[in-house]
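At position 335 of the sequence shown the residue is numbered 335 (this note's numbering), and the sequence of numbers has no breaks.
The beta carbon of each residue, even a glycine, is placed where N, CA and C say it ideally should be.
Just so you know, these numbers come straight off a predicted model, no measurement behind them.
What follows is a set of notes on a single structure, which appears directly below.
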Amino acid sequence: MWLTRISIQRPVFITMVVAALVVLGWRARSRLNVELTPKVDIPIVTVSVAYPGAGPQEIETLVTKPIEEAVASVSRIKTLSSFSQEGISVVILEFQIGTDLDVAVADVREKVDAARGRLPRDVFPPVISKFDIASIPILFVGVTSSRLSLRELSDWVDNVLKDRISQVEGVASVTVTGGEAREVQVRLDKRRLEAYGLTVSAVAQALRAQNLNLPSGRVKEGRTEYSVRVLGEFQSVEEIHDLWLSFPNPEGGPPLRLRLVDLGEVVDASAERVEITRVNGRESIGLLIQKTSDANTVKVAEGVRREVARFQRAHPEVEFSFSQDASKMVLAALEDINVSLVLAIIIVVFVVFLFLHNLRGTFIVSLAIPTSLISTFLLMYFAGFTLNQMTMLALSLVVGILVDDSIVVLENIFRHLQRGEAPREAAFNGRTEIGLAAITITMTDVVVFVPIAFMGGIVGQFFREFGLTVATATLFSLFVSFTFTPMLAARWFRRGEELEARTGLFRSFDAFYHALDTGYRRLLAWALGHRFLTVAIG
């Protein structure tokens with residue numbers, strides 16, 4: 001075959017081609033994201049609406065049903081479900097496999113926006129999101145302190161720590177749980193309000209009107225134009241305490257001008273706590289860290305740990321603990337598969353050496369494993385695959401398959417060498433003779449695994465990377481057996497090279513193998529002589 005002939009005649013060229021594949025593959029491997037599982041698009045969209053203070057029955061009637069009726073007309077919905085509980089409504093839409101979720105989310109948002117007029121005026125804006133495995137937090141960091149109060153610690157976490165961790169590359173969001181949030185409370189006196197003929201909502205509206213930053217036009221100075229804003233937001237509790245408010249006079253006279261302190265008191269307090277976070281039995285503040293969908297779980301976790309370590313050195317009064325770390329689970333799972341992969345390679349090399357009885361031959365065959373595996377990383381990178389349990393399992397499974405073609409080729413080259421042919425001639429003839437058989441063997445493996453990559457449903461998404469990784473590695477092994485293996489055989493073997501060793505352990509193994517071969521021949525002869533009985537037994 002022309003490819004084999006070129007490889008034998010141009011050894012430097014084919015060596016550079018294989019070396020380039022290996023170098024690029026190794027480089028691609030360092031750029032592959034590390035995840036626990038392949039990326040799976042689960043076709044689920046949720047619509048969440050908060051309605052504080054409303055009971056489940058009110059939520060069901062006033063919020064859930066109008067939203068369900070609005071989104072029911074969205075195309076390609078498989079199931080529509082919902083649940084209503086105190087203060088919140090959640091509608092879940094499961095779409096058919098293959099639905100473009102970005103388009104689905106846009107359609108759902110359009111329907112929900114159209115239904116906003118049917119919802120109570122004081123509900124929170126609907127939150128529409130698609131289910132994403134990558135949105136599951138990869139880290140939970142507990143923050144405690146024996147010196148700072150919970151309020152002080154909460155302020156520090158919200159204003160300093162959260163912002164710094166959010167800047168770590170690959171971090172999508174940081175959610176703070178537990179702690180005490182600052183809340184400025186205006187505690188109105190009911191009797192004073194009644195004396196002035198005012199309501200709580202009137203005072204709240206007057207406060208909102210004062211707590212605003214307003215645009216005030218533009219000012220030109222020469223060739224420069226400035227935007228002007230009036231800063232009216234409150235800057236301190238004292239400012240709120242001394243605030244003057246204007247109200248319409250209920251008796252029709254001039255507007256009432258009252259200080260807020262005349263209607264009640266202003267207190268710098270903590271908001272009502274709706275959740276408590278504990279780490280190792282101690283009350284703490286938790287940070288739930290999510291990564292972006294295309295970020296490397298391990299690298300993001302390492303970046304967050306480095307940032308936390310810097311804070312630990314700068315603030316010894318604060319203690320940090322990691323009670324959840326998805327990167328450790330990912331690394332542990334991949335480490336198990338890596339060990340299995342290395343053991344598989346060692347066992348395959350030993351078995352090959354046991355049968356070939358030749359160090360050079362074993363080395364040539366064994367080179368098919370790393371060259372094929374590392375070259376596979378190149379396609380994985382361009383296909384957008386990740387290093388996960390499925391792709392690593394595929395690489396472990398394919399180790400034995402990778403040497404099949406090279407073993408068949410090398411054994412046939414040995415046979416030609418024993419006939420007295422020159423190494424180059426033996427390498428070419430040995431490869432050409434069984435070329436069609438090798439292609440057939442490889443294509444059989446490929447057609448078995450490729451359909452796995454195109455199974456439907458969520459399971460098919462899990463096995464897509466598995467099937468294509470196996471098929472790619474197998475095709476690379478075929479390329480190696482057509483090029484690299486015969487080239488090395490032509491360069492390293494000598495005329496009359498013996499396939500079998502004549503001393504030591506190999507002589508005993510050959511005796512056992514020949515005895516096994518003789519027994520098999522006898523069994524085969526008996527089976528051919530008793531065909532009907534053989535079929536009945538089988």
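Three-state class that DSSP yields for E194 in the structure shown: helix
Please confirm whether I452 and F462 have their CB atoms less than 7 Å apart. no
What does the alpha-carbon distance come out to for the pair R522 and L331? 52 Å
Run the CB neighbour count on Y51, radius 10 Å, all protein chains shown included, and call it buried at 16 or more, exposed below. buried
Does DSSP classify Y51 as helix, strand or coil? coil
From R419, T485, L356, pick the residue whose C-alpha is nearest to that of S372; which is it? T485
G222 versus L231 - alpha carbon distance: 25 Å
Let me know the secondary structure DSSP gives E272 once reduced to three states. coil
When you compare only the Cα positions, how much space is there between A501 and T4? Low local confidence applies: a pLDDT of 49 at A501 is under 50, so the model's placement there is unreliable, with the coordinate-based value given in what follows. Answer to the nearest angstrom: the Cα atoms are 28 Å apart.
Between E411 and W492, what straight-line distance do the alpha-carbon atoms span, to the nearest angstrom? 15 Å
Using 7 Å as the threshold, is the C-beta distance between Q290 and S154 below it? no
Measure the alpha-carbon distance for T144 versus E35 and round it to whole angstroms. 30 Å
Can G286 and T177 be called in contact, C-beta distance under 7 Å? yes
Look at the alpha carbon of D163 and the alpha carbon of V186, and state the distance between them as a whole number of angstroms. 29 Å
Quick check on this structure: which residue in L379, R10, T292, R273 has the alpha carbon closest to the alpha carbon of R182? R273
Going straight from the alpha carbon of M487 to that of V446, what length do you get? 25 Å
What are the boundary residues of the beta strand (DSSP E) that G281 is part of? Element bounds for G281: n/a, residue is neither H nor E.
T483 by DSSP, collapsed to three states: which one? coil
For I92, report the span of its beta strand (DSSP E) as first-last. 88–95
State buried or exposed for G519, treating a residue as buried only when at least 16 other CB atoms are found within 10 Å of its CB. exposed
Looking only at DSSP bridge pairs, what is A229 linked to? The question names Ala, but residue 229 is Arg in the sequence shown. P215.
Residues in its own chain within less than 8 Å of E425 by CB, not counting five upstream and five downstream? H416
Who does V45 pair with in a DSSP beta bridge? L93, K130
Among G264, A72, V91, whose alpha-carbon lies nearest the alpha-carbon of S81? V91
What's the C-alpha gap between R306 and E169? 12 Å
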